[in-house]
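Residues -20 to -1, 1 to 329 (mature numbering (1 follows the signal peptide of the UniProt record, and there is no 0)) are what the sequence shown spells out, left to right.
Cβ atoms here follow ideal geometry from the backbone N, Cα and C, with glycine treated the same way.
Note that the structure is predicted; figures quoted are calculated from it, not measured.
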Amino acid sequence: FGVHALLIVTLTLSPATATAQIDNDATREDVYPPLWDLAPENLLDFLVKDKKIVINAWNYQERLGMYKNLLNSSAKYFTAFGSQNFGNILWGLPLQHGWQFRTGRLTDPSSVTSCGYEDGDLLCISVRSWWSCMNYYLAVIPFLGAVEAGLFGQLQYEIEILPPEERRADFCYSVADCRSRIPKLMDKWKAYFEYLLSTEHKAGSPVTFSSFKLDDALCLMWRAHVASIAYALPKFQDSLKYLSDPEADFGEDWANAVDFIAATHFSTDLQTTNQFQTFLPQRMLTEGDVLPSISDFSPQQNRVLLSLRALHKANQFTGGLLLKLWQKAMSTEAGRRMGRKLIEDLASS
């Protein structure tokens, strides 16, 4: 059964990106999240008011700015993995958020407001969007975890996140607030950034990062990532009602698949993430969409969405045993290497 499970999972996670290779000239605009150049790249580019840096996390550009600050401040730890910070494993977060924005998943799905729509406030992130709320725990919490860890050094101002118009109790808004409400989750993100900081040896010149191990960094990052999803999933279950059944299914299927991807310590650098995201749907799913026959999706997209559905159902049917078997197979570096290679081989076949 273990081998069978392994096969199911590896087939499921095949992104089949042969038809969507990233150009080697990675300066092309489309490798970055939408509006990346316009996002605040320094903490003082956000609003400073009453000795606080105030961030509106319900504005796409400002939420993107939190990611940009994380990428910029952690760039020096990834210089050995490519130029222009392309090897930074935090790229997975803003690229996923950019995909959500580009495909309309951050808009108000109830259509009660014009939040996120072109004829309304395009940069608005709706608190009624399941994707928006899930992503909050993969944007604001990592950011505040980094603040607490000291990634940005000693800040002269406190950071304050503005609350949404609804569901205020479902989020936290400062380091102290999040520390009191979700200490275990904050600990996991803080641990990732503390690991980065711990690898810096400032005594010698030039600065070296000889103790930095990419697998250790990936382990801590993915541990925090899956913890964010696990915490947010039950909290925003009721937001799925605003989505079509196919879209709601896809959202949960994708959240389930992340657990399997995480176990391989899959590298979420810029190029790998861009290649991997090509199999994700380029628009929201609607009631008329029936897998695997969605006409405006590629055969690979149809196949992968169907496989994600099957993986989720199989994991539910086995009471989570499928995931446990996969995690056991991925518990050694050799196993993880095999898991990643299976994904990459299937992707390029």
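Query, Result
"Range of the contiguous beta strand (DSSP E) that encloses I35", "K32 to I35"
"Under the three-state DSSP convention, the category C152 falls into", "coil"
"Boundaries (first-last residue) of the beta strand (DSSP E) holding K193", "It is not in any beta strand (DSSP E) - K193 carries neither H nor E in the DSSP assignment."
"Bounding residues of the beta strand (DSSP E) (the contiguous stretch that carries K29)", "L27 to K29"
"Per DSSP, the bridge partner or partners of D101", "C95"
"DSSP three-state assignment for V238, whether helix, strand or coil", "helix"
"K170, buried or exposed, once every other Cβ within 10 Å from all chains shown has been counted against 16", "buried"
"The region 218 to 226 contacting the region 236 to 244, beta-carbon criterion three pairs below 8 Å", "no"
"Beta-carbon gap between residue 375 and A37 smaller than 9 Å", "Outside the displayed range of the chain (-20 to 329) lies residue 375, so it cannot be described from this structure."
"Per DSSP, cross-strand counterpart(s) of I139", "I33"
"Length at least 4, wholly inside the region 263 to 327: the alpha helix (DSSP H) runs in chain order", "279 to 297 and 301 to 309"
"Check: S63 C-beta below 8 Å from any heavy atom of the ligand ATP", "The ligand ATP is not among the ligands present in this structure, which contains no ligands whatsoever."
"Collapsed DSSP secondary structure at N39 in the structure displayed", "strand"
"Continuous alpha helix (DSSP H) assignments of at least 4 residues falling wholly in the region 106 to 134", "110 to 116 and 120 to 129"
"Pairwise C-alpha distance: V34 and M46", "11 Å"
"Inter-residue CB distance, residue 418 and L271 (contact presumed, cutoff 8 Å)", "The shown model of the chain, from -20 to 329, leaves out residue 418, and the question about it has no answer."
"Alpha helix (DSSP H) segment containing P163, residue limits", "P163 to S178"
"Within 9 Å, strictly: CB atoms of L18 and Y137", "no"
"Cβ-based neighbour list, F66, same chain, cut-off 8 Å, excluding 5 preceding and 5 following", "A6, D249, L250 and Q251"
"Sequence-distant residues of the same chain with beta carbon closer than 7 Å to N52, five excluded per side", "E21"
"Cβ pair L131, L176 closer than 9 Å", "yes"
"C-beta atoms of G100 and T93 nearer than 9 Å", "yes"
"Nearest to S208 (by Cα), restricted to the options A314, R82 and L124", "L124"
"From L118, L260, K321 and R159, residue whose alpha carbon lies closest to that of E227", "L260"
"Close Cβ partners of V28 (< 8 Å) along its chain, the five nearest in sequence each way excluded", "V34 and Y137"
"N-terminal and C-terminal residue of the alpha helix (DSSP H) that G82 is part of", "Checking the sequence shown, residue 82 turns out to be Arg, not Gly. Its alpha helix (DSSP H) spans residues G72 to R82."
"contact_flag[the region 283 to 298, the region 229 to 240] where n(CB pairs < 8 Å) is 3 or more", "yes"
"Cβ-based neighbour list, T179, same chain, cut-off 7 Å, excluding 5 preceding and 5 following", "Y57, F189, S191 and F192"
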